[in-house]
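*Asks:*
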Amino acid sequence: MIGRQFFDRDVHEVAVELIGAAFLVDGVGGKIVEVEAYHHEDPAAHGYRGRTERNATMFGPPGHAYVYRSYGIHWCVNFVCEPEGVADAVLIRALEPTHKLSLMRRRRGVEDERALCSGPGRLCQALAITGAHDGLALDLSFFQVAATTEKPEVVRGPRVGISRATDLPWRYGLAGSRYLSRTLRPA
DNA sequence: CACAGGATATACT
DNA sequence: GTATATCCTGTGA
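Our numbering numbers the first residue of the first sequence as 101 and each following residue consecutively.
1) Quickly, what does DSSP pair residue 166 with across the bridge? List them, please.
2) Assign residue 161 to one of three DSSP states: helix, strand, or coil.
3) Tell me which same chain residues have a C-beta within less than 7 Å of the C-beta of residue 269, skipping the five on either side of it?
4) Do residue 191 and residue 217 have their beta-carbon atoms positioned less than 8 Å apart in this structure?
5) Starting from residue 124, follow its DSSP beta bridges and name the residues at the other end.
6) Taking Cβ positions, are residue 122 and residue 244 nearer each other than 8 Å?
7) Note down, in chain order, each residue of its chain lying with its Cβ closer than 6 Å to the Cβ of residue 151, except the 5 sequence neighbours on either side.
8) Any idea if residue 225 is buried or exposed, counting beta-carbon neighbours within 10 angstroms, 16 or more meaning buried?
9) Which runs of the beta strand (DSSP E) fall wholly inside the stretch 185-231 and span at least 3 residues, in chain order?
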């Protein structure tokens, strides 16, 4: 179990170390295989133009979950990082399912293991993450984030689904994983 | 395999 | 009104 101090660092450092870490909500989840870093000076980041009602959590203390609605349909979850007050966060994009697969299949309505958590909206549905979790601390017993002992090989490339700052290679993935939301080509 | 289109909350023009 | 840190389904190459 990693504590709050894990997130008291630069978003890119945290992003790399999250690859291979376990992420469970109420005992359901898996191994993190894909994330994206969002920095406050980055035009594609929600916090870039200042605080709003929706992104207020990003401006709060590190080690908390920022959950927002995407395209009016899906939920997406971020981990807020240091420094506090500037809105730096890591978007969790994909997991390799390891815990309670049957429950995730029921929630997602699909059988294919690779479709359970391969995408930010998908993994929130599989782990039952909603706006109710926005602002919650990641060291509560409800959320479980545990770092790996091994040192996984991390690939870095351009981010997905944005039109601004597309040249920044701030998407991080576990090399060779079958559970990425889409193939990750090194930038 | 590669698209196009729909669902629809929130923020910006 | 238009765009978006998405996903699913349908069509066609």
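Beta carbons are placed, not taken as given, at the ideal position from N, Cα and C, and that holds for glycine.
*Replies:* Here's the rundown:
1) Within the first sequence, residue 166 is the residue found at index 66, counting from 1. Per DSSP, 178.
2) The count along the first sequence starts at 1 and reaches residue 161 at position 61. Correct three-state label for residue 161: coil.
3) By one-based count along the first sequence, residue 269 stands at place 169. Closer than 7 Å at the Cβ level, and outside the excluded window around residue 269, lie 256, 257, 258, 287.
4) One-based indexing of the first sequence puts residue 217 at position 117. One-based indexing of the first sequence puts residue 191 at position 91. Cβ distance not < 8 Å, so residue 217 and residue 191 don't count as in contact.
5) Residue 124 sits at position 24 when you count from the first residue of the first sequence. Looking at the DSSP assignment, residue 124 forms a beta bridge with 129, 244.
6) As a working mapping, residue 122 is identified with position 22 in the first sequence. As a working mapping, residue 244 is identified with position 144 in the first sequence. In this structure, residue 244 lies closer than 8 Å to residue 122 by Cβ.
7) Here residue 151 corresponds to residue number 51 of the first sequence, with the count starting at 1. Answer for residue 151: 159, listed in chain order.
8) As a working mapping, residue 225 is identified with position 125 in the first sequence. So residue 225 counts as buried.
9) 189-199
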